[in-house]
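Colleague:
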Amino acid sequence: MLTTIQAGNTIQQPKICLDHFVSTEQLSTALVEALIHRTLEIKRMHPSQYPKVEHALISNLFFEPSTRTHLSFQVAQRHLGMEVIEFDPATSSVKKGETLSDTVLTLQALGISTVVVRSSEEKYYEALINDPNLTVSVVNGGDGSGQHPSQSLLDVTTIYEEFGFFKDLKIAIAGDLSHSRVARSNAELLYRLGAKLYFCGPHEWYDSTYDRFGEYVELNDVIEFLDVLMLLRVQHERHEDPRAELLREAYHYNYGLTLQREDRMKSSAIIMHPAPVNRDVEIADELVTCQRSRIYRQMENGMFARMAILEAIIHGQHEKESINALS
Amino acid sequence: MLTTIQAGNTIQQPKICLDHFVSTEQLSTALVEALIHRTLEIKRMHPSQYPKVEHALISNLFFEPSTRTHLSFQVAQRHLGMEVIEFDPATSSVKKGETLSDTVLTLQALGISTVVVRSSEEKYYEALINDPNLTVSVVNGGDGSGQHPSQSLLDVTTIYEEFGFFKDLKIAIAGDLSHSRVARSNAELLYRLGAKLYFCGPHEWYDSTYDRFGEYVELNDVIEFLDVLMLLRVQHERHEDPRAELLREAYHYNYGLTLQREDRMKSSAIIMHPAPVNRDVEIADELVTCQRSRIYRQMENGMFARMAILEAIIHGQHEKESINALS
Amino acid sequence: MLTTIQAGNTIQQPKICLDHFVSTEQLSTALVEALIHRTLEIKRMHPSQYPKVEHALISNLFFEPSTRTHLSFQVAQRHLGMEVIEFDPATSSVKKGETLSDTVLTLQALGISTVVVRSSEEKYYEALINDPNLTVSVVNGGDGSGQHPSQSLLDVTTIYEEFGFFKDLKIAIAGDLSHSRVARSNAELLYRLGAKLYFCGPHEWYDSTYDRFGEYVELNDVIEFLDVLMLLRVQHERHEDPRAELLREAYHYNYGLTLQREDRMKSSAIIMHPAPVNRDVEIADELVTCQRSRIYRQMENGMFARMAILEAIIHGQHEKESINALS
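Residue numbers (the numbering used here), protein chains in the order written: chain A, 1 to 327; chain B, 1001 to 1327; chain C, 2001 to 2327.
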């Protein structure tokens, strides 16, 4: 229930404990709400008040490049006082054919208790979680076209921070839905939280698995009553294609947030985008930092969301240790 | 006035505050002198006395490779207790066509307040400083053939440490002047500080924009009365060229510091080089660590100069915050 | 004498001091025993009790890729509270033809007092140790087909932890002996510590320089009475070779630890492997984490062994400083 999440709430909340953080589907709605609450609580703190976790060794395994997710986790880890051990996939034994499980087993032998992993392999985390030799906690930093649950947590936190509720908020997700792990996590989660969802973009990028969460519509038909417009990044720019510039213009005109469309939005409505933005493709250049854009707010919240996630992971580890010590 | 800079000065100096540190031309002579003073003050401290800056997040964006400037900044940041967030340009969204401003905006959203940037694009920093969305401080780690102001600060500090003054010191800068950002920054700064400058090297590597700072001469004609010989690195070694070895020998004989030329130098004269050195090209192998060489002293001073620069940047940020808090 | 190494020994041991740590041959047997002792002592500590070294700047120069050795050193350095300065060989001036000595001289000028180096060049460390301008301590993280002394220390520590002595232990080293730096360091060291050594594997991978340490035998002839079976990684997998799979199977059948061979081992015998493992080549997949496998124990001990080595290096530096201060 969202009634438990209130700004300025001074009641001591129970500690959130997580074993892993791999997909939004595995998180109860109550847990998501608690994480939103905690994210905003951390955001209100002065850096000197940040929760500190001691002797916690963590490693980030980014097998796919990522500037902002990787940086965001790194800053969150520093703020929590974690010991971050850099892992460079380019020079790792994974290149020599070692399995991900064996690599993580090595990290575990070195005392690393948590790994943040981004991989192009969908559901890579199942093998790690189910390996009887592994006790390491797994935080999913994105898996193929699967999930990107920390991005979802920051997105729903940004929406909750703005409106204070989800029930019946009109939210459109627009773009390459079939390849977007952000869209998939967000649709599932926002639907569960009570929002009314619309999906927009080229028909060949739509995917009928979204049908159960909302309606596939023309952006022009919903723009006027939306509360939130979530734009997705066009992933497969082909700069070598001589028609690239034409295609970019066509996408912007047909599916992007043009100045004309933005002008029709409600005064209270906000714009979101996971970034990096293709200026003048998904969104007009002038709108990236306009008043209703929450694009940089999302990044800011992302760091706090990741602090909340990592704190909950460490709490989960401490809890397990206490249980093991008793038994 | 250089009279304000005295070794062992116990009078409390006012804090140096900088918004950015991007080119020597933007620094007043008084500010340069204050930074020299502070650099040498930090150098005399025991590591436990180093000034500490808390909760200061900084990121180093080196789009061009650099061992020593990058390492030097990293060590300086550690000594100051800064939180350094690693940024890997190879995997960054800049590769996906994101502008430098958008990348820095992301870092800013994550709470990073200072960036050290090296880029092949001349004056890249102007776009960052003039972007109304950016409040991040920029420290220039080298821009194309433009400036390398932290190298200049360490160079003038090394000269001041040696002689205690600049007025009428006879300084030659020898080598590829037209492509050297080090030469450009140093010429402008040393001229302003009162030194008498000479420029040497192949004529095709000279550039008449140096005319206003000093005289283009033959090294043989000035070697006997120089106080400082600053050698520049030959940048464009072409190892695949079958004539490479011959060219190296010819450069050394015609323009380099041979044993014969070194023998003609005044007993008090010193040799400088920004490193890495091409042994037996700019300078004879035996002379790299000879008694009058200050090459490794320069590197040592570089770290202290960067500590002074970063400290001044953080002071500048605190000052702005105080002003904002009052207004 | 091994009598000085006892678990639970409460007598204050003298501090171990090292100038460098580059090859097992340069370590006296007493020193090796003291390092084994100290490694197991650190292993018994709670992380909050770990020895701390302050203001110690260290840099890891891995010119050859390595996941586990590099990570293991990094974690050890963090636990000791060292300041680790990342060095990226890919962007370093070594690529511009700078010698390793000149690079290390630069690091020294920046205040770095210890370097951990892995290089494909055998005995690269001799040039560093003998350079009169260098005072930096060198820790060898592996040199060509030469030495890998920190791996040897962790291997002998793992054996000592298991059995409590070395005298007359029957130890086989099996695999590509001619290219293995691990085998070479271990053979020399275990022979000196009193173990009885056997060498197994394809004859073309044997090297008569091992003759003086033990006997070249068929694995089948010794498997039943071995105390320790040390398997070596098959390094030169040629995945592109159409016969690769056949060759892997043949190696496993002829020279690897099959289920059948494992079944013939003594109940107290253990299996070791420096990892990463080629499953079903050197060792059957099911045996990698079997009860007698110490493969992940080796990695764990590796971190403690590296803490002991680095601590001894820092002690050595402090000792030299004290002597210099007195003289």
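Using N, Cα and C, we set each Cβ at its ideal position, and we do this for glycine too.
1) Would a C-beta distance cut-off of 9 Å place H2273(C) and M2230(C) closer than the cut-off?
2) Could you pull out every residue in the same chain whose Cβ sits closer than 6 Å to the Cβ of T29(A), ignoring the five residues on either side in sequence?
3) Helix, strand or coil: which one does DSSP assign to K1170(B)?
4) Mind the definition here: the region 82 to 92 of chain A touches the region 28 to 45 of chain A only if three or more C-beta pairs lie below 8 Å; say whether that holds.
5) Anything in the region 2189 to 2221 of chain C with a Cβ closer than 7 Å to a Cβ of chain B? List those residues in chain order, please.
6) Using alpha carbons as the reference points, say which of S268(A), R248(A) and T157(A) lies closest to V32(A).
7) Taking S2150(C) and A2312(C) to be in contact with their CB atoms under 8 Å, please state how far apart those CB atoms are, rounded to whole angstroms.
8) Just to confirm my understanding: we take S2152(C), look at its own chain, exclude 5 residues before and 5 after, and list those with CB closer than 6 Å. What are they?
9) Excluding the five sequence neighbours on either side, which residues of its own chain have a C-beta within less than 8 Å of the C-beta of R292(A), listed in chain order?
10) Just how far apart, CA to CA, sit D2375(C) and R2212(C)?
11) Return the residue from the list G2256(C), W2205(C), E2245(C) and I2036(C) that minimises the CA-CA distance to E2282(C).
12) Relative to the C-alpha of K170(A), which residue among T135(A), V139(A), V217(A) and H148(A) is closest?
13) Which runs of the beta strand (DSSP E) fall wholly inside the region 2184 to 2241 of chain C and span at least 3 residues, in chain order?
14) Using a Cβ-Cβ cutoff of less than 8 Å, which residues in the same chain neighbour Y2416(C) once the five nearest sequence positions on both sides are dropped?
15) Between the region 2062 to 2076 of chain C and the region 61 to 76 of chain A, are three or more C-beta pairs nearer than 8 Å?
16) Return no unless some Cβ of chain C is closer than 9 Å to the Cβ of G97(A).
17) Between H1055(B) and chain A, is the shortest Cβ-Cβ distance under 9 Å, so that the two count as touching?
18) In three-state terms, what does DSSP make of I314(A)?
19) Is it right to say G97(A) is buried, meaning 16 or more other beta carbons lie within 10 angstroms of its own, or is it exposed?
20) Which partner residues does D143(A) have in the DSSP bridge list?
21) Which of the three DSSP states is assigned to L2177(C) in this structure?
22) Could you tell me the alpha carbon to alpha carbon distance between S1145(B) and E1122(B), rounded to whole angstroms?
23) Hey, how far is the Cα of A2174(C) from the Cα of T103(A)?
24) Show which residues of chain C have a CB atom less than 8 Å away from the CB atom of P1047(B).
25) Mind reading off the beta-carbon distance from D1143(B) to Y1124(B)? Whole number of angstroms is fine, and I expect it under 8 Å.
26) To which residues of the same chain is F1225(B) closer than 8 Å at the C-beta, ignoring the five residues directly before and after it?
27) Taking only beta-carbon positions, decide if R1068(B) is within less than 9 Å of chain C.
28) Does G2111(C) have its Cβ less than 9 Å from a Cβ in chain A?
29) Along chain B, which residues have their Cβ under 9 Å away from the Cβ of D2143(C)?
30) Kindly indicate which residue of D2019(C), P2014(C) and I2036(C) has the alpha-carbon position closest to the one of A2308(C).
31) Closest by CA to Q1147(B), which one among Y1210(B), N1133(B), N1130(B) and A1183(B)?
32) Tell me which residues of the region 2276 to 2297 of chain C have at least one Cβ-Cβ distance to chain E shorter than 9 Å, keeping chain order.
33) At what residues does the alpha helix (DSSP H) containing S1072(B) begin and finish?
34) Which stretch, first to last residue, makes up the alpha helix (DSSP H) that contains E1086(B)?
35) What do you get for D1285(B), buried or exposed, if any count of 16 or more other CB atoms within 10 angstroms of its CB means buried?
36) Taking 9 Å as the threshold (beta carbon to beta carbon), is E1300(B) in contact with chain C?
Modeller: According to the structure shown:
1) Yes, the Cβ-Cβ distance between H2273(C) and M2230(C) is below 9 Å.
2) Result list for T29(A): R192, in chain order.
3) DSSP places K1170(B) in strand when its eight states are reduced to three.
4) Flag = no, the region 82 to 92 of chain A and the region 28 to 45 of chain A do not touch.
5) Correct list: empty, as no residue qualifies.
6) For the residues S268(A), R248(A) and T157(A), the minimum Cα distance to V32(A) belongs to T157(A).
7) Between the beta-carbon of S2150(C) and that of A2312(C) there is about 12 Å, and that puts the pair past the 8 Å contact cut.
8) Here S2152(C) has T2024, S2185, N2186 and L2189 as same chain residues with Cβ atoms under 6 Å from its own Cβ, once five neighbours each way along the sequence are excluded.
9) The answer, listed in chain order, is E262, M265, A269, I270 and I271.
10) No answer is possible for residue 2375(C): it lies beyond the span of chain C, which begins at 2001 and ends at 2327.
11) Its Cα nearest to that of E2282(C), the residue G2256(C) stands out among G2256(C), W2205(C), E2245(C) and I2036(C).
12) Among T135(A), V139(A), V217(A) and H148(A), the Cα nearest to that of K170(A) belongs to V217(A).
13) Taking only runs of at least 3 residues, the beta strand (DSSP E) segments lying wholly in the region 2184 to 2241 of chain C are 2196 to 2200, 2214 to 2216 and 2228 to 2231.
14) As shown, chain C starts at 2001 and ends at 2327. That puts residue 2416(C) outside it, with no answer to give.
15) Contact fails: fewer than three Cβ-Cβ distances are below 8 Å.
16) It does; some Cβ of chain C falls within 9 Å.
17) Judged by the 9 Å Cβ criterion, H1055(B) is in contact with chain A.
18) DSSP places I314(A) in helix when its eight states are reduced to three.
19) Counting Cβ neighbours within 10 Å, G97(A) comes out exposed, since fewer than 16 surround it.
20) D143(A) pairs with S119(A).
21) DSSP places L2177(C) in coil when its eight states are reduced to three.
22) Distance between the alpha carbons of S1145(B) and E1122(B) is about 6 Å.
23) It is roughly 23 Å from the alpha-carbon of A2174(C) to the alpha-carbon of T103(A).
24) Within chain C, the residues near P1047(B) are H2055.
25) Yes, they are in contact, since the Cβ atoms of D1143(B) and Y1124(B) sit about 5 Å apart, within 8 Å.
26) Excluding five sequence positions before and after F1225(B), the CB atoms of its chain that fall closer than 8 Å to its own CB belong to K1170 and K1266, given in chain order.
27) Output row for R1068(B): interface = yes.
28) No, no contact with chain A.
29) Per Cβ cutoff of 9 Å: no residues; D2143(C) is ~21 Å from chain B at best.
30) Checking every option, the nearest Cα to that of A2308(C) belongs to I2036(C).
31) For the residues Y1210(B), N1133(B), N1130(B) and A1183(B), the minimum Cα distance to Q1147(B) belongs to A1183(B).
32) Reference to chain E is not applicable here, since the protein chains of this structure are A, B and C.
33) Annotation: the continuous alpha helix (DSSP H) that includes S1072(B) extends over R1068 to H1079.
34) In the DSSP assignment, E1086(B) falls outside any alpha helix (DSSP H) and within the unbroken beta strand (DSSP E) covering E1083 to E1086.
35) Classification for D1285(B): exposed.
36) Yes, its Cβ sits closer than 9 Å to a Cβ of chain C.
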